């Protein structure tokens, strides 16, 4: 009697199958979610030797990075730009993302005048939300 019940049960279990369609749908939904919520930061295109500061902190949201190399050139999105072009691009970016912060990354061996000139040009256009990029000072 039990043999018949168990044989019927074993036959039903062997016919059961697992559908992968909902799993694939879930993976695609997760992929779309992460792609939409990811912040993409445009790099400056040059590595500068930043000055150290003990109060340096990491910012990771809506950043516009502009480097000033040791020769006084402005770098944005992988190429050298003029101050006027930089300010125009920053205005467009801030118009599309109002909470953005401009990070100016000057080379510690560079001149101060190009940095001050860019800061002044940004302020003249009403852009006052910017910071100077530094690296964390090593603690002794």
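In the numbering used here, the protein residues as written are 1057 to 1196.
C-beta: ideal position from N, C-alpha, C; glycine also.
Please read all numbers here as calculations on a predicted model, not as lab measurements.
Among the candidates the options, whose CA atom is the shortest distance from the CA of residue i?
i, options, result
"residue 1138", "1168, 1148, 1124, 1118", "1124"
"residue 1180", "1168, 1154, 1140", "1140"
"residue 1167", "1153, 1155, 1130", "1130"
"residue 1175", "1165, 1146, 1153", "1146"
"residue 1108", "1165, 1178, 1087", "1165"
Looking at the strands, I want to know which residues DSSP matches up with residue i.
i, result
"residue 1109", "1192"
"residue 1187", "1159"
"residue 1124", "1130, 1162"
"residue 1135", "1132"
"residue 1119", "1157"
Does the distance from the C-beta atom of residue i to that of residue j stay below 9 Å?
i, j, result
"residue 1157", "residue 1120", "yes"
"residue 1163", "residue 1126", "yes"
"residue 1161", "residue 1183", "no"
"residue 1150", "residue 1185", "yes"
"residue 1155", "residue 1118", "yes"
"residue 1122", "residue 1159", "yes"
My assumption, with CB atoms under 8 Å, is that residue i sits in contact with residue j. Please give the rounded CB distance.
i, j, result
"residue 1191", "residue 1106", "5 Å"
"residue 1170", "residue 1128", "4 Å"
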